[in-house]
Amino acid sequence: MVQIDRHDTDILIIGTGGAGLFAALHAQQSAPAGTRITIAVKGLIGKSGCTRMVQGGYNVALGGGDTVERHFMDTIMGGKWLPNQDMAWKLCEQAVVRIHELENEIGCYFDRNPDGTLHQKAFAGQTADRTVHKGDLTGIEIISRLMEQVLARPVDKLQEHRAIGLIPTRDGSALAGVLFIDMRTGGFRLVRAKTVLMATGGGPTMYKYNTPSGDKTMDGLAMALRAGLELRDMEMVQFHPTGLLAGDHTRMTGTVLEEGLRGAGGQLLNGAENRFMFDYDPKGERATRDVVSRAIYAEIAKNNTTDNGGVFISMSHLGPDHVRAKFPGMVKRCADSGFDLAGGLVEVVPTAHYFMGGVVVDADTRTAMEGLYVAGEDAGGAHGSNRLGGNGVANSTVYGGVAGDVMGADIRQMGALRDPCPEVLQAEVDRALHPLSRTPGLVQPMRHALQEAMWEDVGVMRNAPGMERGLTRIADISSELMLVGVAGDDLAFNLTWHDWLNLRSLCDISEAITLAALARENSRGAHYREDFPETGDLDASYFTVVTQSGEALDVRRDPVQFTKVRPGETIMPDGAPETLVAAQ
Amino acid sequence: MTTTPNILRVTVQRGTAAALRQETFDVPAYENQTVLDVVTWIQQMADPTLSYRFACRVGMCGSCAMMVNGVPRWTCRTHVKKVAADGELDIGPLRNLPVIKDLVADMDPFFDKWVAAEARHHPSAERDDDFDPVTAQDPARAEADLGIECINCGICYAACDTVAGNPDYLGPAALQRAWTLLNDSRDADRDGILAAVSGKGGCHNCHSMGSCAQYCPNDLNPMRAIAGLKRETVRAAWGGKRDA
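First to last, the sequence lines map onto chains F and S. All you need for our numbering is the position in the first sequence, starting with 1, plus 1475. All you need for our numbering is the position in the second sequence, starting with 1, plus 43.
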C-alpha cells in the first residue's frame, strides 16, 4: 500500500495566478476567525501560470463615457452571443471594484494620465478606451503585488504540489478533498477541505505552437471531467496570430510577439517575402486576431511558408531605431533569442493562447459538486466563443475574489470535513503510478505527436473529416502513452513522470475539444468550420457541454439563456454612440 | 532549418546537498537554442531523472534562473551562443540558496526575506476610495518606478557576495522592493519598513560591490536603491534622536 500523507484545512485553493491569490486574500477577509486556508501550486507561488505574463492590461469601465453596460455589450458581441450573460455582467461590474482594490489595497500602480487618472487604451473589439495597464508588463505588476501580500499572511503553502485527482465522498454527493503529488519528494498527499477552489488555469498546450506557461497542461479540466463535472465551450481555443517560430527543439517557439507590432504598422510576409494579408481582409495586418490567424494558416496550407513553416513579421520599414524605442521589451527578447526584430525578419506562426472553455459554474463560482468552486481560465462561460484582450486578467481577479468571498461564507454552514471515497482515492493513486510499472520510454515524442495532430486536424480551421482523423490520432497516442513507462527508482522532482501525467491530461482534454468542435456545426468566434462557415442563427445559439460517463465522453448542445439581452438588442441607452474610440 | 553538426559539452550539477556530483552530457547544438533548451534536451532525451524548474519561457517569471558558467542567468533568455563560444557549458542551481535536487534551488529563504523586509504594500486607502492621483512625474514615484519591474527571480541574490558571507542579509531584491515602497506615497507604514531594513540583516550590510546591478537581467540597480535606504535609515535615526 502506497503511503498517502494527510493535510486537513478548511479552505483549499489550487493555483496561484490572479484567481488563486485573490481567493486566498478574500477568503481570509470573509471566513470566520480561525479558518485554516491552504494554497497549493504546481510551481512556485505567483510564478506558475499566465497572469504574470499579461502584457496588455485590464479591462474596466471607469467613466469618461464608458459604462459597465458598454463593457458588457462588447463582451457579449466579442463572444458572439455565447457567453453566460450573468457571468459576463458580474465580470464587467466587479472589475470596477477589483481595480480599485488592486491599486488601493494590494499596492499595484498602473499608468496615469497627466491629470492623475488611470490611463486606458482600446484593444481590438472594444468601443471605449478601457484597458488599464502598467506599460506592457501589467501582469508582473499585478502578480508580484498579490504574491507579496499572500506570502506575508498566515496561509499554509504547498509549493510544487501537483493536483492529480478530485476525491468525492463515498456517495458522490460532495467533494471531500484533493489528491496531490508533492513533486519535491514524489510522495502523495491528500488534502481534505470543506471548500476547494480549482484555479489551475486551463492553457491549450496540446497544440504544436502555444503561448502559456510550460506548467499548464489542463490538469484541472481533466480532473473535473473524471469527477463527472460538465465542461462547456470546449471547442473554443483562442489563437494569437504571431507566435515566435524558432524550430521544434526550442521552448521559445510559440511564445507571443505582441499584438501592438501589427497595430503599429508591422507587415506580415509569406515565404517569398510578399505581403498577403490584403488578400484576406481589407484591414490587412490590422484585422482581428482570428482573421489574421486564419490568413496565416491558409498561407501555410498553400505552402507559402518560411523555412520553419510559418511567415515573417517585418518591422524595419518603420525604422529600426523607432522600433527599438517603441517596443524595447520585444526587441530585447528577440535579440536574446537570436533574432533582429527591429531590422530583420522574424518568423511567426499562429499560436494557441487562451482557452475559453471550462467547467460549468454559476456567477458565484459554484459547481454542481458541493464543496467545489472554479474560477479563472478553468471556468467556462464568461467569454463565450472569444475572449477580448484585457478581459482575461479581469476575469481571473474578479472571480478569484468572488470565490474567496463565497467559500468564506459557505463554510459557515458546513460541519466536519468529509471522508473521501477510498475506491476513487485508490483509483487516482493507481492512475498516477501506472507508468512506473511499465518499460521506460521517451514521453516527448508522444507529446510532439499530439501537438502535431491538434494543430493539423483541430486547429485554426477545422472540418469534419480532419477532426475525425484527429480523434483517431488522439486515441492512438492515448493508447500508446499507457504502454510507455517512466523509471520509478527516484520520484523526487521527477519531471519525466510529470511529463507523462501532463500528457495524460492533455490527451483527455484534446478528445473533449475535438468532440465539442465536431458538435458545433457553425463558425463562431475562435471556432471556424470550413464545412460550416456561417455564424448560424443567433437567436438559436447553443453552447456545447462535454461530460464523461465511464470511459466515454458525451457531448450535447444547450441553448444559451439570454438573461440580460437578446441578439439584435442592446442594454445601452438609446442614442449611445456605437464607439467612443477615436478613428485611427 | 540548418542543424549545425556541433556537439555541446554540458556539465551539470546533480544530486542533493547530501551528495553533490557533476555529470557531463553531449548535447546537439542548434541554431536557435537557449540554455533552458539544453537542459530540457538532457531531461527529455538523455537522462529522464534530471530535475530543473521553468515556467513562462519568456523572462517574466524567473523560475528558470540557474548558474551558467559561474554566472546567474535566466536560462530561457540566454542564447547558447552568448555563453558557450567554445562549446562548453557548466550549469548549476542558483548560488546562495539550498539545493532541492540537481538544478532546482529552494527559493524559500529568498521569499522569507522578502516578507521580513516588509516588502509589501501597507494600505492607506480602501477599495471604495478613489485612485491616488500621483503621476509618474512625481519625483518619488519616478524613483519607485526605477525598481518596480523586478520579477523576483533571485539572480541578484545569487550574485551577491554579501549574501554569500552573511546568511542573515536580506539581499538586494527584497531591499530594492522596500525602497520602492518608501518612495510610494500611498504606503502607510514607512516606519515599519525602515525598521525592517535597518536591523541586523539590513541595508547597512551592503558593501556596494554592485554584482546585483551587473547581473540583473532587467537592468535594474538594487545597489542604488540600497544606497537610498542607507541614507533614509540614517536620516530617520538622527531625526529620532533629535526628537528624543
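Every residue, glycine too, gets a C-beta built ideally from N, C-alpha and C. Just so we're clear, the structure is a prediction, and the values are computed from it rather than from any experiment.
Closest to residue i by C-alpha separation, out of the options, would be which residue?
| i | options | result |
| --- | --- | --- |
| residue 1800(F) | 1612(F), 1817(F) and 1993(F) | 1817(F) |
| residue 1637(F) | 1885(F), 1560(F), 1690(F) and 1782(F) | 1690(F) |
| residue 1790(F) | 1561(F), 1951(F), 1500(F) and 1735(F) | 1735(F) |
| residue 1677(F) | 1873(F), 1713(F) and 1660(F) | 1713(F) |
| residue 140(S) | 161(S), 214(S), 162(S) and 166(S) | 214(S) |
| residue 1871(F) | 1831(F), 1798(F), 1660(F) and 1670(F) | 1831(F) |
| residue 2019(F) | 2038(F), 1620(F) and 1992(F) | 1992(F) |
| residue 2008(F) | 1766(F), 1488(F) and 2048(F) | 1766(F) |
| residue 1495(F) | 1631(F), 1875(F) and 1764(F) | 1875(F) |
| residue 176(S) | 1591(F), 1920(F), 1974(F) and 1606(F) | 1591(F) |
| residue 119(S) | 1810(F), 1511(F) and 1896(F) | 1810(F) |
| residue 74(S) | 1961(F), 1783(F), 1912(F) and 1856(F) | 1783(F) |
| residue 278(S) | 257(S), 237(S) and 70(S) | 237(S) |
| residue 1738(F) | 1700(F), 2051(F) and 1802(F) | 1802(F) |
| residue 1670(F) | 1681(F), 1649(F) and 1687(F) | 1649(F) |
| residue 2022(F) | 1740(F), 1593(F), 1698(F) and 1897(F) | 1698(F) |
| residue 2032(F) | 1910(F), 1938(F), 1976(F) and 1707(F) | 1707(F) |
| residue 269(S) | 216(S), 138(S) and 144(S) | 216(S) |
| residue 138(S) | 194(S), 117(S) and 198(S) | 198(S) |
| residue 1647(F) | 2046(F), 1667(F), 1845(F) and 1582(F) | 1845(F) |
| residue 196(S) | 85(S), 107(S) and 133(S) | 107(S) |
| residue 1741(F) | 1728(F), 1544(F), 1854(F) and 1758(F) | 1758(F) |
| residue 63(S) | 103(S), 144(S), 126(S) and 113(S) | 144(S) |
| residue 127(S) | 211(S), 244(S), 49(S) and 224(S) | 49(S) |
| residue 2037(F) | 1820(F), 1859(F), 1510(F) and 1918(F) | 1859(F) |
| residue 1521(F) | 1620(F), 1610(F) and 1580(F) | 1620(F) |
| residue 2057(F) | 1841(F), 1597(F), 1747(F) and 1611(F) | 1597(F) |
Rounded C-beta distance between residue i and residue j? I'm assuming under 8 angstroms.
| i | j | result |
| --- | --- | --- |
| residue 201(S) | residue 115(S) | 4 angstroms |
| residue 1987(F) | residue 1709(F) | 5 angstroms |
| residue 1990(F) | residue 2028(F) | 6 angstroms |
| residue 1864(F) | residue 1824(F) | Actually they are not in contact, since the Cβ atoms of residue 1864(F) and residue 1824(F) sit about 19 angstroms apart, beyond 8 angstroms. |
| residue 2003(F) | residue 1935(F) | 7 angstroms |
| residue 1532(F) | residue 1608(F) | 3 angstroms |
| residue 1866(F) | residue 1534(F) | 5 angstroms |
| residue 152(S) | residue 110(S) | With 8 angstroms as the limit, residue 152(S) and residue 110(S) do not qualify as a contact, their Cβ atoms being about 16 angstroms apart. |
| residue 1907(F) | residue 1639(F) | 5 angstroms |
| residue 240(S) | residue 185(S) | Not quite, the Cβ-Cβ distance comes to about 21 angstroms (not below 8 angstroms), so this is no contact. |
| residue 1873(F) | residue 1566(F) | 5 angstroms |
With respect to the beta strand (DSSP E) encompassing residue i, which residues constitute its N-terminal and C-terminal limits?
| i | result |
| --- | --- |
| residue 2012(F) | Premise fails: residue 2012(F) is in no beta strand (DSSP E) and is neither H nor E. |
| residue 111(S) | 108 to 111 |
| residue 1650(F) | 1650 to 1657 |
| residue 1829(F) | 1820 to 1830 |
| residue 131(S) | 131 to 135 |
| residue 56(S) | 50 to 59 |
| residue 1744(F) | 1742 to 1744 |
| residue 1791(F) | No beta strand (DSSP E) contains residue 1791(F), which DSSP labels as neither H nor E. |
Taking the alpha helix (DSSP H) that residue i falls in, what are its first and last residues?
| i | result |
| --- | --- |
| residue 1975(F) | 1970 to 1994 |
| residue 1515(F) | Segment 1512 to 1515 is the beta strand (DSSP E) holding residue 1515(F); no alpha helix (DSSP H) there. |
| residue 1562(F) | 1560 to 1576 |
| residue 1953(F) | 1939 to 1958 |
| residue 1634(F) | Neither: residue 1634(F) is in no alpha helix (DSSP H) and is coded neither H nor E. |
| residue 222(S) | 215 to 225 |
| residue 1765(F) | 1764 to 1776 |
| residue 67(S) | No alpha helix (DSSP H) contains residue 67(S), which is instead part of the beta strand (DSSP E) from 62 to 71. |
Point to revise | Touching by the beta-carbon criterion (3+ pairs, under 8 angstroms), the segment 1831 to 1842 of chain F and the segment 1528 to 1544 of chain F | key: Contact fails: fewer than three Cβ-Cβ distances are below 8 angstroms.
Point to revise | Given 8 angstroms, three or more beta-carbon pairs between the segment 1745 to 1755 of chain F and the segment 1768 to 1786 of chain F | key: yes
Check your understanding: Are the segment 1875 to 1885 of chain F and the segment 1923 to 1933 of chain F touching, with three or more C-beta to C-beta distances below 8 angstroms?
Key -> no
Check your understanding: Does the segment 1577 to 1597 of chain F come within contact of the segment 1887 to 1898 of chain F, defined as at least 3 CB pairs closer than 8 angstroms?
Key -> no
Practice item. With a floor of 4 residues, list each alpha helix (DSSP H) that falls wholly inside the segment 1845 to 1912 of chain F, ordered by position along the chain. Key: 1866 to 1885 and 1897 to 1908
Check your understanding: With contact counted as at least three CB pairs below 8 angstroms, one residue from each stretch, are the segment 246 to 254 of chain S and the segment 180 to 196 of chain S in contact?
Key -> no
Point to revise | alpha helix (DSSP H) runs contained entirely in the segment 1643 to 1724 of chain F, provided each spans 4 or more residues | key: 1694 to 1701
Review point. Would the segment 120 to 139 of chain S and the segment 76 to 84 of chain S be scored as touching if the rule is three or more Cβ pairs under 8 angstroms?
Key: yes
Practice item. Answer yes if the segment 157 to 169 of chain S comes into contact with the segment 222 to 230 of chain S, meaning at least three C-beta pairs across the two stretches below 8 angstroms, and no otherwise. Key: Put simply, the segment 222 to 230 of chain S touches the segment 157 to 169 of chain S. At least three CB pairs are less than 8 angstroms apart.
Point to revise | contact_flag[the segment 1627 to 1641 of chain F, the segment 1498 to 1507 of chain F] where n(CB pairs < 8 angstroms) is 3 or more | key: yes
Check your understanding: Just checking, does the segment 52 to 59 of chain S make contact with the segment 1478 to 1486 of chain F on the three C-beta pairs under 8 angstroms criterion?
Key -> no
**Study point:** Contained beta strand (DSSP E) runs [length at least 3] in the segment 152 to 230 of chain S, N- to C-terminal order
**Key:** Taking 3 residues as the shortest admissible run, the segment 152 to 230 of chain S contains no complete beta strand (DSSP E) segment at all.
Practice item. Could you name each continuous alpha helix (DSSP H) segment of 4 residues or more that falls completely within the segment 1521 to 1558 of chain F, going from the start of the chain to the end? Key: 1543 to 1553
Exercise for review: Indicate whether the contact test is met: 3 or more Cβ pairs, each with one atom in the segment 1839 to 1851 of chain F and one in the segment 1716 to 1733 of chain F, closer than 8 angstroms.
Suggested key: no
Check your understanding: Would you call the segment 1680 to 1687 of chain F and the segment 1897 to 1904 of chain F touching, i.e. three or more CB-CB distances under 8 angstroms?
Key -> no
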